[in-house]
Amino acid sequence: MILLISLFLLSFAFGQEVIKLTPQKAYELALKNNAELKKLRYEVESTNFQIQEAKNYFLPYINLGAGIVYNSEAHEWEKPFGISLVSVLYEYRKTLSRIKSAELKHEIKKEALKQLDRDIKLKILELFVKASLYKKLTEVKREEMAIAYVRYDRAKQKKDLGISTNLEVYQLESIYREKRKDLMHAQYEYNKTLLEIKKLAGIDMNTLVDVEDLDFKPKMGQIDKEKLLQQALKNNPVVKIKTLELNLYDQMIEESKNIMAPRVQLRGEIGNSIRTGTPQIRAFNQNGWRAAVEIFVPLFDPSSLYRVESLTSYKKIAQVELEDTINEFKLISNSADYRYSYLLAQWDYALARNRCAEENLTLRRSEYELELAFDLGYAMAEKSEAERQLMQAKYDILIFIAKLYSFAGLDPFLVLEKSDEFITTD
1292 MILLISLFLL SFAFGQEVIK LTPQKAYELA LKNNAELKKL RYEVESTNFQ IQEAKNYFLP
1352 YINLGAGIVY NSEAHEWEKP FGISLVSVLY EYRKTLSRIK SAELKHEIKK EALKQLDRDI
1412 KLKILELFVK ASLYKKLTEV KREEMAIAYV RYDRAKQKKD LGISTNLEVY QLESIYREKR
1472 KDLMHAQYEY NKTLLEIKKL AGIDMNTLVD VEDLDFKPKM GQIDKEKLLQ QALKNNPVVK
1532 IKTLELNLYD QMIEESKNIM APRVQLRGEI GNSIRTGTPQ IRAFNQNGWR AAVEIFVPLF
1592 DPSSLYRVES LTSYKKIAQV ELEDTINEFK LISNSADYRY SYLLAQWDYA LARNRCAEEN
1652 LTLRRSEYEL ELAFDLGYAM AEKSEAERQL MQAKYDILIF IAKLYSFAGL DPFLVLEKSD
1712 EFITTD
C-alpha cells in the first residue's frame, strides 16, 4: 500500500508542468502580478484624478439645508430651509497653481513608476544570477560531500579491520558532516531564490520553475565616464523627480500666498435663508431664489506667512538633496572605470584558475589508479569550483553593467543584448 502511494505521489510530481523562465518572461509576469507595480500604478491613476479635480475647480458645491430656530423677539419658531449653490469662478494665485501642482505630482509618480520598472528588471537579473550561482555551488558541494563520505566510509572499514583509530574516523566524519551541511545550505539558498523569483513575478509558490542561465560575455575596455554622467543627469528618474519637486514647491508657495488674493465665486440659492457659503455671510430672511457674483479679498492671514516660510525651507532641503544627488552621480561615474577594471582582473584570474583546474583534471584522469581515486575526486571538485568562480566573475560584470544602464535611465535588459553603450576600447 505504501509503495502504491509513493508511486502515485511520484507520478504526480513528474506530471506537474515546469515553467521555464527567462528574464523577459519573468518581467512580463511581474508587469501583470507584482504588488509594488500595481500599487504605484494606482498612485499614478490617483494623481490623474487630482488633475481633473483641479481643472474642474468651477464645478458647483450644492447643499440642501434645513433647521429650526427660536426667534425671541417674535416668540416663535422659524423653520429655515433652502438649497445653496456656490461655484468658484477664479482664485488669484491659486487656480493655476493647483492645476500645475497636480500635474507635477502626476509627473513625479510617473517617473517613480519608470524607476520601479527598471528596479524590477535589475532585481530579476540579480535573482537569476543568484539562482545560477547557487545551483553551481550545490554541484560543487555535492562533489565535496561525496569525496568526504567515501573517505569517512573507508576509515570505518579500516577501523573494523583494526588498522585505523577512532580519532581518524571521527575527524573524517566531522569533515563529511560539514560538507553535508554546506550542501544543505546551498540547496536552501537556491530554493529560496526560486521562491523570491516566484514572489516577484506573482507565480504561485507551488509551481515548479526553472531559470535560464544568462548568456553574457565580458568585453574588455574602459568605461566612458563623461558619457555615463551625461546620460544619468539627463535620464535618471531621481534627478527628474528632485527637479519636479522643486517646481512643485514653487507652486505650493504661490498657492499659500493668501494676502490680497481675490476670490470670485457665483452663488445661487432657493429658500428663505442662506445656510452655506465660503466665507459665511449673514442670512437673508426672505423667500424665493437669489443669485449673486461675490468677490472676497483676504486682507490679512497670519497662517499664510508661516506656510510660505515652511514651504520655502522644504524647497531649500530639496535643492540641497538635488545638489547632493548630482555629486553622488559624479562619484559613481568617476569610480565606474576603476570598478570595471577590477572586475575584468577578477575575470582574468578566474579564467586562469579554470584553465589550471582543467589541466589538473586531465592529468589526474590520465594517471588514474585505484589508489589515486581521491586525487581524481579532488581534481573534479576543484574544476567545479573553478567553473563556479568563473561564473561568479562573469555575472559580477553583468550586474555591474546592468546597474550602469539603470543608473543612466536606460533599460537594464540591454546587457542581455550584448550592448556596450558605455564601454570604449581606446
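Note that the sequence shown ends on residue 1717 in the numbering used here; no numbers are left out. Every residue gets a Cβ at the ideal spot worked out from N, C-alpha and C, and that includes glycine. Note that the structure is a prediction, hence the values are computed from the model and not measured.
Contact check between the segment 1419-1428 and the segment 1697-1709: fewer than three CB pairs, one atom from each, fall below 8 Å, which does not count as touching.
Asp-1711: not part of any alpha helix (DSSP H); DSSP gives it neither H nor E. By the criterion of at least three beta-carbon pairs nearer than 8 Å, the segment 1500-1508 is in contact with the segment 1476-1490.
When DSSP assignments are scanned along the segment 1584-1613, no uninterrupted stretch of alpha helix (DSSP H) that is 4 or more residues long falls wholly within it. DSSP places Phe-1372 within a strand segment (E or B) once states are collapsed to three.
Going by DSSP, Asp-1451 is part of the alpha helix (DSSP H) stretching over 1386-1451. Between Glu-1678 and Asn-1651 the beta-carbon gap is near 13 Å, outside 8 Å, which marks them as no contact.
With fewer than 16 other CB atoms across the displayed protein chains lying within 10 angstroms of its CB, Leu-1622 is exposed. In the three-state scheme derived from DSSP, where H, G and I count as helix and E and B as strand, Ser-1363 is classed as coil.
For the pair Pro-1553 and Val-1379, the Cα-to-Cα distance works out to about 11 Å. Around the C-beta of Leu-1634, 16 or more other C-beta atoms lie within 10 Å, and the residue is accordingly described as buried. Taking all protein chains shown into account, Ile-1692 has 16 or more neighbouring C-beta atoms within 10 Å of its C-beta and is therefore buried. According to DSSP, Ile-1514 shares a beta bridge with Ile-1714. When C-beta atoms of the segment 1369-1386 are compared with those of the segment 1395-1404, fewer than three pairs fall below 8 Å, so the two segments do not count as touching. Our two residues, Ile-1411 and Tyr-1440, have alpha carbons roughly 42 Å apart in a direct line.
Between the alpha carbons of Asn-1457 and Lys-1432 lies a gap of roughly 26 Å. Under the three-pair Cβ rule at 8 Å, the segment 1310-1329 counts as touching the segment 1404-1419. With fewer than 16 other Cβ atoms from the protein chains shown falling within 10 Å of its own Cβ, Leu-1452 counts as exposed. Contact between Ile-1494 and Leu-1320 holds: CB atoms are separated by about 6 Å, below the 8 Å threshold.
Assigned with DSSP and collapsed to three states, Tyr-1383 falls in coil, not helix or strand. In this structure, DSSP gives Ile-1690 a helical state, which the three-state scheme calls helix.
Pro-1509 places its beta carbon 8 Å or farther from that of Gly-1700. Shown here, Asp-1501 sits in a strand according to DSSP, grouped into three states.
Ile-1514 and Ile-1714 do touch by the CB rule: their CB atoms are close to 6 Å apart, below 8 Å.
With 16 or more other Cβ atoms inside 10 Å of its own Cβ, Asp-1687 counts as buried. If you draw a 10 Å sphere on the C-beta of Val-1584, you find fewer than 16 other C-beta atoms in it, and that means exposed. Judged by their CB atoms, Phe-1698 and Ala-1523 are nearer to each other than the 8 Å cut-off. Nearest to Gln-1521 by alpha-carbon distance, out of Asn-1618, Arg-1656, Ser-1657 and Arg-1389, is Asn-1618. In this structure, the CA atom of Trp-1638 is about 23 Å from the CA atom of Pro-1314. According to DSSP, Glu-1560 shares a beta bridge with Ser-1375 and Arg-1581.
Taking each of Asp-1711, Ser-1455, Asn-1538 and Tyr-1479 in turn and checking the Cα distance to Gly-1512, the smallest one comes out for Asp-1711.
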